[in-house]
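Going by the working numbering, the first residue of the sequence shown is number 1, and it counts up by one from there. Cβ atoms here follow ideal geometry from the backbone N, Cα and C, with glycine treated the same way. What follows is one structure encoded as structure tokens, with my remarks underneath.
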Amino acid sequence: MLAGAVAGGGLAVAFVLMPQRFGAPLEPVEGEAGFNAWLKIARDGVITVAVPQCEMGQGVTTLIPQIVAMELGADWRQIAVEPAPPTGAYPNVVLASHWARLWLAGGADIAGSEDSLLARRFAERTRFNATAAGTTLAAYEAPA
């Protein structure tokens, strides 16, 4: 019985820590090429940027596209914004780690770091792409 409990516990931990793969939520249509979960570029030069948060006065529909335009050297008038569907491809790990004490009883010290694997897995599995406290830029500025 003890061996079964240990094996079951090991499987549960492995399931939680197992990396996830998410398809590109922005499906390119004819005349567009999808590059990742964030970008589509059309033949006419229009660059479509996914924005995973709702615009509620914090400027996310301006901030993320401006960074993309600057990095690609694109004309700002050629940038389009598309709301991204809820998916694990856009986890806000920074906010998840800030809120770790609310969702992980007794483990906030473990998940309270922005580079925490537990915070990342929580944010991916629950499609946690909310924003608060100005975490949008911090969440997406560095590759995962």
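Of the candidates Thr87, Val93, Pro91 and Trp38, the residue whose Cα lies closest to the Cα of Pro65 is Trp38.
Glu32 is bridged by DSSP to Ala42.
Note: Glu82 is bridge-paired with Ala50 in the DSSP secondary-structure output. Across the structure, Ala96 and Phe122 are spaced so that their CA atoms are roughly 7 Å apart.
Under a 10 Å Cβ-count criterion, Val29 is classified as exposed, with fewer than 16 other Cβ atoms of the shown protein chains found around its own Cβ. For Asn129, same chain residues with a beta-carbon under 7 Å away, outside a window of 5 residues either side, are Pro52, Gln53, Pro86, Tyr90, Pro91 and Asn92 in chain order.
DSSP places Arg77 in no alpha helix (DSSP H); its state is neither H nor E. Annotated three-state conformation of Met70 is helix, per DSSP.
C-alpha of Arg43 to C-alpha of Val81: approximately 17 Å in a straight line. Contact check for Val68 against Ile47 passes: the beta carbons are separated by less than 8 Å.
Around Leu72, the same chain offers Ile47 as residues with beta carbons nearer than 8 Å, after the five sequence neighbours per side are excluded.
The closest CA to that of Ala100, considering only Leu118, Pro83 and Ala84, is found on Leu118.
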